[in-house]
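So for the sequence shown, the numbering used here puts the first residue at 124; every next one is plus one.
First the structure, in the form of structure tokens, and then the observations on it.
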Amino acid sequence: MRIGILTGGGDAPGLNAVIRGFVIRALQLGHEPVGIRHGWRGLLDRETVPLTVQDVDDVHRTGGTLLRTTRTNPVKDEATKRKALDGYKALKLDALVAVGGDDTLGACAKLAKDGVNAVGVPKTIDNDLQGTDVTFGYDTAVNIATEALDRLHTTAESHERCLVVEIMGRHAGWITWAAGIAGGAHVVLLPEEPFDVEEVAEVVRRRDAEGFGYTLVAVSEGAVPTDTTGFVTQTDKKDEFGNVRLGGIGDRLAKRLEELTKKETRSVVLGHLQRGGAPSAFDRVLGTRMGIAAAEAVDRRDFGKMVSLRGTRVQTVPLTEAAKGYRVVPKEEVESLRRMWAPPRARLPPG
Ligand code: F6P
């Protein structure tokens with residue numbers, strides 16, 4: 124079979140490991156892998172590159188995606204969908220592997236309904252996809268955010284400041300949750316639960332009264348204060364899938380905290396630093412396993428599926444699983460984390 128592979132949506136460390144695993148295994152099974160450049164735009168524009176073993180040699184150690192990516196929506200209207208289906212035929216593809224998040228996989232599921240022999244590979248640093256336990260890219264992002272928090276501790280402490288760190292995570296706060304715990308943030312704010320700014324200010328005051336003199340606040344870009352409605356965004360523009368561009372909650376929160384506590388408060392946005400650079404060993408392994416599994420799924424004609432990690436096993440599940448809403452941090456984890464920054468009395472078990 125001639126099998127196309129594309130990467131869509133925001134990049135994530137581990138994408139090149141997927142491409143390498145897929146290409147090597149597809150060739151071993153006697154297929155012809157073809158790279159489609161720039162995500163779904165490449166299918167519309169019929170922009171391909173050959174993929175040989177030499178092309179993917181050692182790429183699992185590098186970040187980004189060698190196929191490049193865009194947030195193009197191939198099913199945004201009937202005419203565009205027609206163009207995508209025509210592209211699939213014109214490129215003489217027998218199957219297509221789409222590596223991406225909910226938008227890319229949602230589009231892939233729609234094209235599968237119209238006859239594309241599709242297999243999906245779930246990807247997002249946000250780790251918020253249904254149908255799989257973990258996505259590659261997440262581990263690397265958590266390590267980067269943890270290192271940032273580690274570094275910010277020492278400067279915040281030296282200057283006796285409050286530092287607010289804005290971390291990626293649109294609908295789910297997985298990165299903030301994990302890095303907040305690992306990096307020892309004193310307050311962790313997630314999109315899963317609206318937060319009260321006065322309560323955060325109280326933690327800052329209490330830590331000062333206890334003699335610590337500094338506080339680190341980790342906040343997801345998608346976290347929302349109780350006195351506000353909707354995300355804090357950078358612009359009103361939306362991408363082709365209707366996603367807003369988040370950003371600014373850290374700065375806004377820092378200003379409010381400084382007003383309330385009269386303590387010098389600064390903010391840091393980690394932004395795309397969390398997506399760039401070399402993948403962690405975990406993401407290289409998971410990406411490779413998923414690439415291999417995608418090639419094997421195509422080989423046994425297991426179409427309309429996405430590869431998925433369940434426990435320690437890589438398997439396939441229906442592509443539509445990824446579009447079943449976001450996988451958020453469970454309530455009990457949010458509550459347990461909250462108890463960590465509550466006043467000492469509240470930390471004790473009842474009685
Ligand atoms: O979906 C992953 C993600 O990294 C989000 O956390 C973030 O909001 C978004 O992508 C940013 O995307 P872009 O780089 O296209 O603005």
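Even for Gly, the Cβ is constructed at its ideal location relative to N, Cα and C.
CB-CB length for residue i against residue j, believed under 8 Å
i, j, result
"N240", "D217", "6 Å"
"L228", "T195", "Between T195 and L228 the Cβ distance is about 14 Å, and since that is not below 8 Å, they are no contact."
"A268", "Q438", "So it is not a contact: roughly 29 Å between Cβ atoms."
"A221", "R407", "The Cβ separation is near 21 Å, so there is no contact."
"T388", "V287", "7 Å"
"A420", "A232", "Between A232 and A420 the Cβ distance is about 15 Å, and since that is not below 8 Å, they are no contact."
"E344", "E289", "6 Å"
"R169", "A213", "6 Å"
"R293", "L208", "That pair is no contact at about 30 Å."
Cβ neighbour criterion (16 or more within 10 Å) applied to residue i
i, result
"R330", "buried"
"V179", "buried"
"A324", "buried"
"G165", "buried"
"H161", "buried"
"G223", "buried"
"R436", "exposed"
"V265", "buried"
"S459", "exposed"
"G303", "buried"
"A416", "buried"
"V391", "buried"
"T278", "exposed"
"E444", "buried"
"H395", "exposed"
"T411", "buried"
Straight-line gap, residue i to residue j (C-alpha atoms, nearest Å)
i, j, result
"L138", "G186", "7 Å"
"V342", "D262", "18 Å"
"M463", "G133", "32 Å"
"I142", "R375", "40 Å"
"M124", "K428", "17 Å"
"T384", "T247", "37 Å"
"V457", "G144", "36 Å"
"A295", "R423", "34 Å"
"E280", "G371", "24 Å"
"T192", "A301", "27 Å"
"P245", "R328", "43 Å"
"G455", "V310", "Reading off the sequence shown, one finds Glu at residue 455, where the question assumed Gly. The alpha-carbon atoms of E455 and V310 are separated by roughly 17 Å."
"V355", "E363", "19 Å"
"P136", "V182", "11 Å"
"T299", "Y449", "16 Å"
"T352", "F318", "12 Å"
"P402", "R274", "20 Å"
"M413", "R148", "11 Å"
"L380", "T255", "38 Å"
"G336", "L272", "17 Å"
"T203", "K215", "19 Å"
"L312", "I126", "43 Å"
Minimum C-alpha distance to residue i - residue among the options
i, options, result
"G131", "T349, F405, T299, L189", "L189"
"L152", "V451, Y449, A418, D425", "A418"
"E333", "E444, A235, E283, G371", "E283"
"P441", "T358, V265, D362, Q253", "Q253"
"V172", "G410, L129, G158", "G158"
"V198", "E315, L234, V176", "L234"
"V326", "P314, L339, E315, P317", "L339"
"L409", "H154, K386, F259", "F259"
"A465", "N366, T411, P453, E321", "E321"
"V176", "R205, E201, V146, T203", "V146"
"Y211", "I128, A305, L380, V347", "I128"
"R205", "H276, P314, W163", "W163"
"A404", "K361, K360, R184, E316", "R184"
"T349", "K360, E315, K361", "E315"
"G365", "G400, S431, E270, D225", "D225"
Host beta strand (DSSP E) of residue i (start-end)
i, result
"M291", "It is not in any beta strand (DSSP E) - M291 carries neither H nor E in the DSSP assignment."
"D359", "356–361"
"Q397", "Run containing Q397: none; DSSP gives neither H nor E here."
"I159", "155–159"
"T171", "171–173"
"Q151", "Here Q151 belongs to no beta strand (DSSP E); instead the alpha helix (DSSP H) covers 138–151."
"S343", "338–343"
"K248", "A small fix is needed here, since residue 248 is Ile in this sequence, not Lys. Note, I248: premise wrong, no beta strand (DSSP E); not H, not E."
"G127", "125–130"
"L369", "367–369"
"V437", "436–441"
"L312", "310–312"
The alpha helix (DSSP H) enclosing residue i, as first and last residue numbers
i, result
"T192", "Note, T192: premise wrong, no alpha helix (DSSP H); not H, not E."
"G229", "225–236"
"L376", "372–384"
"R424", "Per DSSP, R424 belongs to no alpha helix (DSSP H) and is neither H nor E."
"D350", "Note, D350: premise wrong, no alpha helix (DSSP H); not H, not E."
"D168", "163–168"
"Y449", "Careful: Y449 lies outside any alpha helix (DSSP H) and carries neither H nor E."
CB contact below 8 Å: residue i versus chain B
i, result
"A232", "Absence of chain B from the displayed structure is noted, only one protein chain being present."
Near the ligand GDP: residue i beta-carbon under 7 Å from a heavy atom
i, result
"E289", "No copy of the ligand GDP appears in this structure; the ligands present are the ligand F6P."
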